[in-house]
Amino acid sequence: MVNRRLYWLLENRGLLCEEQSGFRSASRTEDQLFTICQKIEDGFQDGTHTTAIFVDLQQAYDRVWRKGLLLKIQRLGINGNLYRWIESFLHERTIQTKFEDKVSSHHTLEEGLPQGSALSCTLFLIYINDLAKEVRCNKALYADDLVIWHTHRYARQSASPKVTKQNLNIRLPDQQLKKEEHPSYVGVQLDPRLNLKKHAANLKRKTMKRLSLIKRLASTPWGSDMDTLRSLYLGYVRSVLDYNLCLQASSSKTGQSEIDMPCVLSVVA
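Counting with numbering that gives the first Met the number 0, you get residues 0 to 268 for the letters of the sequence shown.
Structure (structure tokens):
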């Protein structure tokens, strides 16, 4: 109930940044992926290149600064009983460790959000909400997965494949970012040409393994009936193939054939 109330206030007042699609109604995992892929495709058509940085915040929930979160909640104009309830929800949370019949003493957690709570998801959206304002370029957020990209005509020569393999250096204050040919974003492996060949090959390998398991259940005397097998296929195999299905239309013919093969085999089976 508290989470529904808080989320309604955030959406009704337009307090969440439009670049965020995680944990929001009427938003899908694919939305941000489609956004960046469309920008890259537009760049291909215009003869420009795109450089992207993919950021996955490690232990994002466990490292939330609670006092900072409460301050951000107040700055959004959320006060009164709702604010006090959230403050109490986060105050002096403790953990214990149990091994067999032994139980440790209580340990107070000074930071972080409770795992498994729907309210924690909404609170994290508030905590990370101002990040989009600080990043002054193209960006997309899915919960704690951030992608930043830049496309420019004058970057065409400096971002060409021959040059970037040796000379493209992007640094944080004390660390050089690793160049990745096949970055993974929300479950999809991208590539410089956006033909999704590697993603399609991984998808084929994953679905073929799952089809083999279903085949074993179907080829024994005690195997499952057709209705059960169909339910297994839809939930265990088809769901994997359908994920980001629209994006697969932009893949190469080789990539599409990789994806089509498990589909054909499943129909024949």
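Yeah, the Cβ is synthetic: ideal placement off N, Cα and C, and Gly gets one too.
Inset, instruction - Please say whether D143 and A59 have beta carbons closer to each other than 8 Å? - result: yes
Legend entry - Option nearest T96 by Cα separation, candidates M225, T107 and M0: T107
Inset, instruction - In angstroms with no decimal places, state the Cα-to-Cα distance between L171 and I127. - result: 20 Å
Inset, instruction - Apply the 10 Å Cβ neighbour rule to N80 and answer buried if 16 or more other Cβ atoms are within range, or exposed otherwise. - result: exposed
Inset, instruction - Give the straight-line distance between the Cα atoms of T49 and K132, rounded to the nearest whole angstrom. - result: Rounded to whole angstroms, T49 to K132 spans 21 Å at the Cα level.
Inset, instruction - Could you check the C-alpha separation between L32 and S103 for me, to the nearest Å? - result: 44 Å
Legend entry - Three-way DSSP call (helix, strand, coil) for S269 in this model: Nothing about residue 269 can be read from this structure; the chain reaches only from 0 to 268.
Legend entry - Continuous alpha helix (DSSP H) stretch holding V54: start and end: Here V54 belongs to no alpha helix (DSSP H); instead the beta strand (DSSP E) covers H48 to D55.
Inset, instruction - Inspect the beta-carbon positions of I94 and I85 and report whether they are closer than 8 Å. - result: no
Inset, instruction - Let me know if C245 comes out buried or exposed under the rule of 16 or more other beta-carbons within 10 Å of its beta-carbon. - result: exposed
Inset, instruction - Any chance you could list the alpha helix (DSSP H) runs of at least 4 consecutive residues sitting entirely within the stretch 67 to 123, in chain order? - result: 79 to 89
Inset, instruction - Could you work out which residue in K101, H105, L70 and L112 is closest to F88 when comparing CA atoms only? - result: L112
Inset, instruction - My understanding is that I35 touches A139, with C-beta atoms under 8 Å, so please give their C-beta distance in whole angstroms. - result: 6 Å
Inset, instruction - Excluding the 5 residues preceding and the 5 following Y141 in the sequence, name in chain order all residues of the same chain whose CB lies nearer than 7 Å to its CB. - result: S20, G21, T28, Q31 and V185
Legend entry - Distance, G115 Cα to Y232 Cα: Roughly 29 Å between the two C-alpha positions.
Legend entry - Beta-carbon spacing of I125, L68 below 8 Å: In this structure, I125 places its C-beta atom within 8 Å of the C-beta atom of L68.
Legend entry - Candidates D224, M225, S24 and N168, of which the one nearest C120 by Cα: S24
Inset, instruction - Can you tell me which of the three DSSP states A139 falls into? - result: A139: strand per DSSP, three-state reduction.
Legend entry - Top-ranked residue by Cα proximity to T150, from R3, G13 and T47: T47
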